[in-house]
Structures are given as structure tokens and as C-alpha cells.
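Trainee: Residues are numbered in the numbering used here as their position in the sequence shown, beginning at 1, plus a constant of 1390.
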Amino acid sequence: MGKIVLDPITRIEGHLKIEAIVENGIVKETKSSGTLFRGFEIILKGRDPRDAQRITQRICGVCPTSHSTAATLNLDSAFGISDKIPDNGRILRNLILGAAHIADHILHFYHLAALDYVDVTKVAKYEANDPNLNSVKKFIERGELAPFVPRYEGDYRLPDEVDIQAVAHYVKALEMRRKGQEMCSIFGGKMPHNIGIVPGGVTSIPTVDKIANFLWRLNELRDFIDTVYLPDVLAVAEAYSDYFEIGAGCGNLLSYGGYDLDGKDPNYLTRDRLFKSGVVSSDLKLTPVNVDLITESVKNSWYDDAASGKNPKEGETKPQPEKDGAYSWVKSPRYDGKVCEVGPLARVVATYVSGNEKVKELVDTVLDKFKASPSALFSVLGRHAARAISCKVVADSMPEWLLQLKPGEPVYKEYEIPSEANGFGVVDAARGALGHWIEIKDKKIANYQCVVPTTWNASTRDDSGQPGPIEQAITGTKVKDEENPFEIVRIVRSFDPCLGCAVHTVTPKGRIKGKVVIL
Ligand code: NFE
Ligand code: MG
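1. Express the C-alpha separation of V1732 and N1847 in angstroms, rounding to a whole number.
2. Below 7 angstroms, is the gap between the Cβ of R1821 and the nearest heavy atom of the ligand NFE?
3. Identify which residue in F1885, T1845, T1867 and G1890 has its Cα closest to the Cα of V1412.
4. For P1702, collect the residues of the same chain with a Cβ closer than 7 angstroms to its Cβ; drop the 5 residues on either side in sequence, then sort them by chain order.
5. Whole angstroms are fine: how far does the CA of N1478 sit from the CA of L1674?
6. Bridge partners for S1667 per DSSP, in chain order?
7. Of all the beta strand (DSSP E) runs that stay within the bounds of the region 1803-1830, which reach a length of 3 or more residues?
8. Under 7 angstroms: does the beta carbon of V1688 sit that close to some heavy atom of the ligand MG?
9. I'd like the span of the alpha helix (DSSP H) that includes D1466, first residue to last.
10. Secondary structure at G1424, three-state DSSP: helix, strand or coil?
11. Assuming C1574 and M1581 are in contact, meaning their beta carbons sit under 8 angstroms apart, how far apart are those beta carbons, in whole angstroms?
12. Using only CA atoms, which one of E1877, D1520, Y1802 and D1545 lies nearest to V1557?
13. Specify, as a first and last residue, the run of the alpha helix (DSSP H) that S1575 falls within.
14. How would you label K1782, buried or exposed, when you count the other beta carbons within 10 angstroms and need 16 or more for buried?
15. Give the C-beta separation of R1777 and H1498 to the nearest angstrom, bearing in mind that I take them to be a contact with Cβ-Cβ under 8 angstroms.
16. Flag A1892 as yes when its Cβ comes closer than 7 angstroms to any non-hydrogen atom of the ligand NFE, and as no otherwise.
17. Would you tell me roughly how many angstroms separate the C-alpha atoms of G1392 and G1815, rounded to the nearest one?
18. Reducing DSSP to helix, strand and coil, say where L1676 ends up.
19. Please say whether S1780 and R1737 have beta carbons closer to each other than 8 angstroms?
20. Grouping DSSP H, G and I as helix and E and B as strand, with all else coil, what is Y1693?
21. May I ask you to check if the CB of H1498 is nearer than 7 angstroms to at least one heavy atom of the ligand HEM?
22. Regarding V1817 and the ligand MG, is the C-beta to nearest heavy atom distance less than 7 angstroms?
23. Is V1738 close to the ligand NFE? I mean its beta-carbon at under 7 angstroms from any heavy atom of the ligand.
24. Output the distance between the C-alpha atoms of A1468 and E1804, rounded to the nearest integer angstrom.
25. Check the Cβ-Cβ distances between S1787 and every residue of chain B, and say whether any is below 8 angstroms.
26. I want to know whether the region 1637-1646 touches the region 1601-1619 - three or more CB-CB distances under 8 angstroms.
27. Excluding the five sequence neighbours on either side, which residues of its own chain have a C-beta within less than 8 angstroms of the C-beta of E1799, listed in chain order?
28. Do D1818 and L1502 have their C-beta atoms within less than 8 angstroms of each other?
29. For V1539, count the other beta carbons within 10 Å of its own beta carbon; 16 or more makes it buried, fewer makes it exposed. Which is it?
30. Between the C-alpha atoms of K1748 and I1399, what's the straight-line distance to the nearest angstrom?
31. Less than 7 angstroms between the CB of V1510 and some heavy atom of the ligand MG, yes or no?
32. Say whether the region 1610-1627 touches the region 1704-1723, bearing in mind that this needs 3 or more beta-carbon pairs closer than 8 angstroms, one atom from each stretch.
33. Out of T1865, A1785, S1422 and N1837, which has the shortest C-alpha to C-alpha gap to G1436?
34. Just mark L1643 as buried or exposed, buried being the case when its beta carbon has 16 or more other beta carbons within 10 Å.
35. Specify, as a first and last residue, the run of the beta strand (DSSP E) that T1685 falls within.
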């Protein structure tokens, strides 16, 4: 029996530690630990409610736009104006968020995940005039191999020409991400922390000039998604098709949906959204989401047990760093007691099951290509395919949204901050279901709770002992070489975890930095 400790798992955001107990080459038990405490919910107490839009963006360097959206929906609901946002405001919010998500999905595939499948070192032998390849080659020739090494060795299967092209795309993807960020800035202001998405609507107005500037960048990104990103995901899927059977997870999916197509329904979970909300079981049954059924357990997290099992409406954040038996700063959100995976897979499957034609066609094309049934989506490759599909669906929806903008018409609705109110804002971030809850007293924040995508996915065992989605996805996996546990890192990275978000002062106790320990 051996214990594999990956601490930290790199090429994700933040600090995640995975411990896997391996017996006869199979993982018997897994523990996922967030090793970083943040305390944003505590920082927010007593402040002007509008500060939530500014401060929660600082939770994360990857998804600030999603936090600004959730905070803003939360404040709209507490201020009683969630159904009064002018169409221009609603559409501009969709465009800012969509641009951020496109850049984020490209970031994840090329810069965080693809290096698990692409052998960058092959570039050293390559003779050609491709400036993107030559830039990588120069680094390798100088022996400057970071961030490509250290890496786990032994399972690189792409044909040479696909591999070499993927390295060129790694560099091209950096430029594409910059274009996505520029699109956010056109309507959202300086990145990464936008000032565009605010309660009441947005702070910028649509002009023909801005629309044109946004559109030409969008066209370039759409071309990249269709001719580079999707084909690369399929090429990886072809060479590593066994990963349709690895990393299945917990079987339940939760999506809040996203991109409001109609702002007149005050309830975020019943209003028409591009991606549909819902809880989907492993037999693909969809049920509506009721936020009252969400709880957060903390039995195995470094928080006061008195706060365990509460709905985020009355949730508490009381750190207890010395708590016995706990192993993470990440709490354990559950839906009606069930463990749920969140992310592009959840929103794409919820939208697929809801009968959306475009999503159905894209998902079925991938499944047909690999002669797979929908159950194959619950896997490492299913998550990558769903992320690419999610990216394409948003990008392809945006030209029409640009046409719906009405220069000269309002973008913002005035409001008053109530003395006392409760609110919540739910939306799918790039990594999945993101919820913010607020309680206002004396026009100040009395309580603020965030339940974030990676809080769901990287959660610990809950009060009744059920392991979290990443823990479940790893347990049962066959590890070929315990010194190179690439199966485990590929499973973890398929969730695109972000620990900065998940925990929202490191206790260095027992941390072994950057080392695989086999006992
Ligand atoms: Ni820090 Fe985040 C996204 C959010 S994930 S990346 O997407 O919300 O927990
Ligand atoms: Mg929280």
C-alpha cells in the first residue's frame, strides 16, 4: 500500500494538495485539501453593500468577472431591481462575462491542461520558420524549460506533427487570451477588475465604435475556437480515448445556467438563460434548482462545527485552524444532501437535456465521433469537450447580442440601498455554479457568503462522510506508475480547480512543496 501526496498540484490556481492511498495499483481513498485561508466573507462584514462588487473580484485572478457578476446579481436582488435592468445593461453584462469566459476556457485548455498531453520537448528537434514554435524552441535550447518541466513522464501519445502544432497553438493562445481581455475592457473598463458590471446595469454605453472594436476581436476568437481549439481537443481525445473512461466523478451535476436572455423574470433560476440551470443525475434526469436546498458542511474543514450544515443565507465563516480531524480550508457544499459536480460539463449537460438544438448537435457530434454514449461525458475528456463546447456556444451567441444593443437607450436603473434586506445572486462562472448571498442591516453588509465552483468540486467529506467530487473522481483510478501519477493530475486538472476561489495565511504545517512522496 502506498500513499501519493501531490502538494501542491501545479498549473491550477492556488494551492491544492491531493493525498491518494494506492493499493495494488488502484486508488482506494483520496483526500483533497485547500491549504490556503482567505477570509473574504469576513472582510465584507460591516461594509457598504456596493463594495461587494469591488472586493469579491479580488477573490481570484482568473475569474474576477464572474464574481463581479454574481455580486451584482446578488445586490440587484437585495435592492429589489433584479427584474428592472434595462436590456442594454443585461446584454452588455453578457458580453463582458462572455469575453472573460472565452479567454478563461482557452487559458485552461492550452496553458493549464494541454501540457499533460503534449510533449513540448519535441520542439527541440523541429526545423521551421514558425515564430510561435521558434520562441518555445529558444527557451528549450537555453535550458529554460519552465513552465514545461518538471512534469510527469511516460505517457505522451500525440503524433509528432499534432504535438508540434499544439506547441505553436500554446503560444497563439496567449495572444487570443489578450484579445478576450481587450473585449472585456471595451465595455467593462480596466481589467482584471472590471468596473462595468454594477448593480442597476453597467457603467458604459454602447457606441458603434465600441461594438465594431468588440466584433473584430470576437471574429478572430471564433475562428480560433473553430479551427484550433476544438480540433486540438478532438486530437487529444483521439490519442487518449481511454480518458473517456477515467475520472467519472460523483454522477450528479449542478448548473445555475448563465447569460440572461430575458431580464424580466426576477428569479434567476427560472428566467431564460443561454445555458440552463438544473440538477442532473447520472441517468440524465433534470430537476429545477432550489437554492434553499443548498447547505455547507464543515465537519472536515478548519471551521467551527456550530456553522455546519447551514444554508448560505445564514452561513458563517468562523475559522478554527487547529481543529482536530479537519484537512482543508474548503467547505463542503451539498444540494439536498447530495454531492454535486459543477462546471462546463454541468451547464452543457443541463442545456443538452433541456433540448437546446445547438448544444445537442455539438455534444452529439463529439459522442458520435467516438462512438460513445452520453455517460462517457462523465470523464476527464468529457469535461474538456464540454468546456470547449461551452466556449463555442457563448462565442457564437455574441454577434447577435451585439446587434441587439441600442445605442442611445438606457444601460442603468437607479436604486436605493434598503435598510434591511436579503438577496442572492447565482450564475455559472467559467468553472461552474457560483452563488453569492447577502444580508443587509442598517444599509451595511451584516453577512455575506460565497459558495464557489471549486468549493463544490474540491470539497471535503461532508458531515455524513460522503467524499467530494474530485475525491470521488480519483478513487478507483488505476495508477500505472506511482512515481508519475499522471492519471491523478489529469483528473484533477479536468475540473480546472481554483483554490483562490474555493477558500475565498497559509498554515505551513506539514506542507511538502513540489514533491511527490511515495510511502
Ligand atoms: Ni478562481 Fe472561479 C471560476 C469562481 S472557481 S476561478 O470560474 O467563481 O471556484
Ligand atoms: Mg464561502
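C-beta: ideal position from N, C-alpha, C; glycine also.
Mentor: Taking the definition as stated:
1. Taking the first residue of the sequence shown as 1, we reach residue 1847 at position 457. Taking the first residue of the sequence shown as 1, we reach residue 1732 at position 342. So the two alpha carbons sit approximately 7 angstroms from each other.
2. Mapped onto the sequence shown, residue 1821 falls at position 431. At least one heavy atom of the ligand NFE is nearer than 7 angstroms to the Cβ of R1821, so yes.
3. By one-based count along the sequence shown, residue 1412 stands at place 22. Checked all of F1885, T1845, T1867 and G1890; the closest Cα to V1412 is T1867.
4. The count along the sequence shown starts at 1 and reaches residue 1702 at position 312. Exclusion of the five residues before and after P1702 leaves I1684, E1686, G1825, W1827, Q1839 and V1841 as the residues of its chain whose Cβ lies within less than 7 angstroms of its Cβ.
5. Reading the sequence shown from its first residue, position 284 is the one you call residue 1674. Reading the sequence shown from its first residue, position 88 is the one you call residue 1478. Linking L1674 to N1478 through their CA atoms gives a straight-line distance of about 35 angstroms.
6. Working through the sequence shown from its first residue, we reach residue 1667 at position 277. Per DSSP, Y1646.
7. Taken in chain order, the whole beta strand (DSSP E) runs of length 3 or more contained in the region 1803-1830 are 1811-1819.
8. Reading the sequence shown from its first residue, position 298 is the one you call residue 1688. Relative to the non-hydrogen atoms of the ligand MG, the Cβ of V1688 never comes closer than 7 angstroms to any of them.
9. Position 76 of the sequence shown holds residue 1466. Judged by DSSP secondary structure, D1466 falls within the alpha helix (DSSP H) whose first and last residues are P1454 to A1468.
10. For the purposes of this step, residue 1424 is taken as the residue at position 34 of the sequence shown. Assignment of G1424 by DSSP, reduced to helix, strand and coil, places it in the strand class.
11. In the sequence shown, the residue the question calls residue 1574 occupies position 184. In the sequence shown, the residue the question calls residue 1581 occupies position 191. Going by Cβ atoms, the distance from C1574 to M1581 rounds to 5 angstroms, so yes, they are a contact pair.
12. Your numbering for residue 1557 matches position 167 in the sequence shown. Of the residues E1877, D1520, Y1802 and D1545, the one whose Cα lies closest to the Cα of V1557 is D1520.
13. To locate residue 1575, count along the sequence shown from 1; it is residue 185. Segment D1550 to G1578, the alpha helix (DSSP H) holding S1575.
14. Against the sequence shown, residue 1782 aligns to sequence position 392. Counting Cβ neighbours within 10 Å, K1782 comes out buried, since at least 16 surround it.
15. Along the sequence shown, read from residue 1 onward, the residue named residue 1777 stands at position 387. Along the sequence shown, read from residue 1 onward, the residue named residue 1498 stands at position 108. With a Cβ gap of about 6 angstroms, R1777 and H1498 count as contacting.
16. For the purposes of this step, residue 1892 is taken as residue 502 along the sequence shown, with counting starting at 1. Checking the Cβ of A1892 against the ligand NFE gives yes.
17. Working through the sequence shown from its first residue, we reach residue 1392 at position 2. Working through the sequence shown from its first residue, we reach residue 1815 at position 425. Those two C-alpha atoms are separated by around 44 angstroms.
18. Start at 1 with the first residue of the sequence shown, and residue 1676 comes out as number 286. Strand at L1676.
19. As a position in the sequence shown, residue 1737 is number 347, starting the count at 1. As a position in the sequence shown, residue 1780 is number 390, starting the count at 1. Taking 8 angstroms as the Cβ cut-off, R1737 and S1780 qualify as a contacting pair.
20. Along the sequence shown, read from residue 1 onward, the residue named residue 1693 stands at position 303. When DSSP states are grouped into helix, strand and coil, Y1693 belongs to the strand group.
21. By its list of ligands, the structure shown excludes the ligand HEM, since it contains just the ligand NFE and the ligand MG.
22. For the purposes of this step, residue 1817 is taken as the residue at position 427 of the sequence shown. Not so, every heavy atom of the ligand MG lies at least 7 angstroms from the Cβ.
23. For the purposes of this step, residue 1738 is taken as residue 348 along the sequence shown, with counting starting at 1. Outside the cutoff, so no.
24. The residue given as residue 1468 occupies position 78 in the sequence shown. The residue given as residue 1804 occupies position 414 in the sequence shown. If I take the Cα positions, the gap works out to 14 angstroms.
25. The question asks about chain B, but that chain is absent: this structure has only one protein chain.
26. Short answer: they don't touch.
27. Taking the sequence shown and counting its residues from 1, the one referred to as residue 1799 is at position 409. Within the same chain, P1476, D1477 and N1478 come within 8 angstroms of E1799 by CB-CB distance, once the 5 residues on both sides are set aside.
28. As a first step, residue 1818 is located in the sequence shown; it is residue number 428 there, counting from the start. As a first step, residue 1502 is located in the sequence shown; it is residue number 112 there, counting from the start. Against a cut-off of 8 angstroms, the Cβ pair of L1502 and D1818 comes out as no contact.
29. As a first step, residue 1539 is located in the sequence shown; it is residue number 149 there, counting from the start. Exposed.
30. In the sequence shown, the residue the question calls residue 1748 occupies position 358. In the sequence shown, the residue the question calls residue 1399 occupies position 9. Taking the straight line from one Cα to the other gives about 35 angstroms.
31. Position 120 of the sequence shown, counted from the first residue, corresponds to residue 1510. Relative to the ligand MG, even the nearest heavy atom lies 7 angstroms or more away from the CB of V1510.
32. No, the region 1610-1627 does not touch the region 1704-1723.
33. Numbered from its first residue, the sequence shown carries residue 1436 at position 46. Taking only the C-alpha atoms, the option nearest G1436 is N1837.
34. Position 253 of the sequence shown, counting from 1, holds the residue named residue 1643. Buried: at least 16 other Cβ atoms inside 10 Å.
35. As a position in the sequence shown, residue 1685 is number 295, starting the count at 1. Its beta strand (DSSP E) spans residues I1684 to S1687.
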